[in-house]
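Heads up: the protein sequence lines correspond to chains A and E, in order.
Following the working numbering, the numbering of the first sequence begins with 309 at its first residue and continues without gaps.
Following the working numbering, the numbering of the second sequence begins with 4 at its first residue and continues without gaps.
Even for Gly, the Cβ is constructed at its ideal location relative to N, Cα and C.
The structure presented is a predicted model; accordingly, all values stated were derived computationally and were not measured.
See below for the structure under consideration.
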Amino acid sequence: MSTLTYLQAISSALRDELRADERVLVMGEDIGVFGGAFKVTDGFVDEFGTDRVMDTPLAESGIIGTAIGAAVVGMRPVCEMQFSDFISCGFDQLVNVAGKMHYRQGLAVPITVRLPSGGGFSGGPFHSQNPEAWFMHSPGIKVVAPSTAEDAKGLLHTAIHDPNPVCFMEHKHLYRRIKGEVPEGVFETPLTARVARSGSDLVVIAYGAMVHTALEATEDIDGASVEVLDLRSLVPLDEDAILDSVERCSKVVIVDEANSMCAAGAQVAALIAERGFESLDGPVVRVATPDVPIPFSPPLEQAVLPSVERVKEACRELLAY
Amino acid sequence: MATNIAEPSAAGAAPESAHLQLEDRIWLLRAMLLMRGLEERAMTLYRQGKVPGSFYDGYGQEAVSAGAAFAMGPQDRLCILHRDLAAHLIRGVTPARILAQYMGRATGITQGRDGNVHFGDWRLGCVGMVSMLPDMMLVATGMAMAFKLRGERRCALTWFGDGSTSRGDFHEAMNWAGVQKLPVIFVLENNQYAYSTPLDKQFAVDPVERAAAYGFVGVTVDGNDAEAMFEATRAARERALEGGGPTLIEAVTMRMHGHAAHDDMKYVPKEQVEEWRKRDPIDRQEGRLRELGVDVEALRAEIKAEIDDATEEALASPMPDPATAADGVFCSGEAEPLLDGQAPWSGFATATDGASS
């Protein structure tokens, strides 16, 4: 075990994979000599060389498309989008080529796409998005979103070992803010939810950075016993864990940092309405970013992103229901 | 501009490849005849209501896929476009599976999950196209990138159309392949129309000229001459294997039928079609072989019998089980890479690893 930041845990997973498996290469914009916009691959070139830590042209469709080609001839590419927002330029390759390949042709596409996502630091409309739901809606793509340093490493190993395309949503706001004990070496974190804190009066369901918002918001709400369920994986979605929490707690608040419409949380709410209705003792409550681009100026950005206060208020109201 | 070839070549007069034996030249004719015959049969099945959706063919363009695919080795990898059926045949896909594919049968290459020529048999080193063109240019580029990283003497090839040159992925792939000097061959199948859009609404400069801007070779080939296509692709492959980087081959041809079965092609001047009919790629190859004393009629009869048998087999094969509609979205086992395909060119028979001629 060693204490790593969320960012160091991601670096550690990549380094361990590059050491363990010669089929693995990491590719993206400015990730080689410069070490990446967030320094996730800082120093990698010295150990692994410029072939396996590849500075690519500024071409997101190119990054995903060539990764697919390399994957189907035996490589295990890990692509970095400099910001998750830029995946819109690689969307077609990911959704139409990678996502549908196995269903159509029986050909597996083992690629991992790292997507530094999320807001909270005045990144503005093009450096703050949480695009996970785009890919949840696209068959054939797995989507994971770690909230802790240990899961950041373990889920990245799982993603790289997976024979399918995996979107790895890494939250930029957690990079240096979150630290934790992380096991050494290669280990896999299962694509299941994790109870971040157990409770019995209400459950807050979240993933990524919102797990920490949820934990802070519910630390003490007039002594209520509040569970926090960290989804970790959005595709596959751990439906059993969600329904289990709902059954035990009867009241549910779902938090998304993503825009509210058709977000991951909307899918969770639909699941609960369909299969957990009998367990409910109040309406399913959602806290999410309204359907606006993420604004730049701090007071505007803070007005739209789910805050500790908003989550706390939502929980308080539901507990009183 | 390569888009206007003024003088159609007379049959047999085009430059021939010194690398083709008689058996190879027969193979090329055979692949083209089989492609045309299968597509004509599929069209009949379509009219009989046995092919769902629409139907797309490559009538008149057979030489482009036949000639290019014939130059590719067993370990090379191909991303095949929808008017390139001959490439599948050369790699070893059987006619019965192709007809079953068109009819959405369980024994088709995609087992009914995708239609038409949207298929590639990964066990034969091929990846099927998607409808977003030319996405496969990047996939082929990525294959070539892996070959280069691993120091393997192999290359990747993909086909795409004149319309595709307008899309961003064309630029991204050309640029990427040029920057990394990759062993990839881009075959631009210039068939004069992207659906109904003629070339002058697609580009201001002949796309073959763009190759130089990306730092590699671009050549224009008579796309209705299978031997010329073979020779250009063979040379491009040699260059790729020797570390000389990508090649853009512009195959100038003509889409003789509509975009798909429903398209009456009224936007194409009749004279243009008639002019190109004189340059039919099968007529040309047959002319050559007749001069060499090959019994072309016997070959045609043999192929017709093969197609009849394949039709019978495909019609007898089952439709997919609706209960399996949701199966296979994800791979649940090991990710297996593409396997080697058939490569009938006699030049490979003498090479020890199939990697060079």
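- Taking the Cβ atoms as the reference, A:I513 lies roughly 7 Å from A:L539, within the contact range of under 8 Å.
- In this structure, the beta-carbon distance from A:P491 to A:M309 falls below 9 Å.
- As for any alpha helix (DSSP H) of minimum length 4 sitting wholly inside the segment 77 to 125 of chain E, the runs are 88 to 94 and 98 to 105, ordered along the chain.
- Put simply, the CB of A:M569 is far from chain E, with every gap to its CB atoms at 9 Å or more.
- In the DSSP assignment, E:T250 falls within the beta strand (DSSP E) that extends over T250 to V255.
- Interface annotation, E:G171: in contact with chain A, CB-CB separation under 9 Å.
- With respect to the 9 Å criterion, E:P186 and E:V220 are not classified as neighbours on the basis of their beta carbons.
- Taking the Cβ atoms as the reference, E:C334 lies roughly 4 Å from A:P471, within the contact range of under 8 Å.
- DSSP places E:V332 outside both helix and strand once states are collapsed to three, so it counts as coil.
- Annotated as distal: A:S508 and A:L551, with beta-carbon spacing of 9 Å or more.
- It is roughly 14 Å from the alpha-carbon of A:A406 to the alpha-carbon of A:M383.
- Counting only residues of its own chain and dropping the five nearest sequence neighbours on each side, E:L342 has a CB closer than 8 Å to the CB of W125, R126, L127 and G128.
- A residue is called buried when at least 16 other Cβ atoms come within 10 angstroms of its Cβ; E:K269 does not meet this threshold and is exposed.
- Comparing alpha carbon positions, the residue from E:R240, E:G56 and E:S57 closest to E:A147 is E:R240.
- Within the model, the alpha-carbon separation for E:G261 versus E:E42 is close to 13 Å.
- Per DSSP, A:I449 lies in no beta strand (DSSP E) segment and is marked neither H nor E.
- Here E:M139 has C82, M132 and T161 as same chain residues with Cβ atoms under 6 Å from its own Cβ, once five neighbours each way along the sequence are excluded.
- Residue burial is scored here from C-beta neighbours: A:R583 has fewer than 16 other C-beta atoms within 10 angstroms and is therefore classed as exposed.
- Residue burial annotation: A:P601 is exposed, with fewer than 16 other C-beta atoms found within 10 angstroms of its C-beta.
- Between E:M75 and E:D60, the CB-CB gap reaches or exceeds 9 Å.
- Within the segment 355 to 380 of chain A, the residues whose Cβ lies closer than 7 Å to any Cβ of chain E are, in chain order, D359, P365, A367, S369, G370, G373, T374, A375, I376, G377, A378 and V380.
- By the C-beta criterion, the segment 199 to 209 of chain E is judged not to be in contact with the segment 317 to 327 of chain E, since fewer than 3 inter-stretch pairs fall below 8 Å.
- In this structure, A:M477 lies near A:G516, with their beta-carbon atoms less than 9 Å apart.
- The Cβ of A:G584 sits no closer than 9 Å to any Cβ of chain E.
- Taking 9 Å as the cut-off, the beta carbon of E:A254 is found closer than this to the beta carbon of E:A71.
- Close to E:P340, with beta-carbon spacing below 7 Å, are these residues of chain A in chain order: V380, V381 and G382.
- Secondary structure of A:A345 (DSSP, three-state): coil.
- Collapsing the DSSP output to three states places A:S553 in a helix.
- The three-state secondary structure of A:S310, taken from DSSP, is strand.
- Annotation: Cβ neighbours of A:H410 in chain E (cutoff 8 Å, chain order): G331, V332, F333 and C334.
- DSSP, reduced to helix, strand and coil, places A:A596 within a strand of the structure shown.
- Judged by DSSP in its simplified three-state form, A:E625 adopts helix.
- Counting only unbroken stretches of 3 or more residues, the beta strand (DSSP E) elements lying wholly within the segment 410 to 490 of chain A are 420 to 425, 450 to 452, 474 to 479 and 487 to 490, in sequence order.
- Contact check for A:I449 and A:V332: beta-carbon distance about 19 Å, past the 8 Å limit, so the pair fails to qualify.
- At the C-beta level, E:V297 and E:L25 come within 9 Å of one another.
- A:A504 sits in a strand when the DSSP states are folded into three classes.
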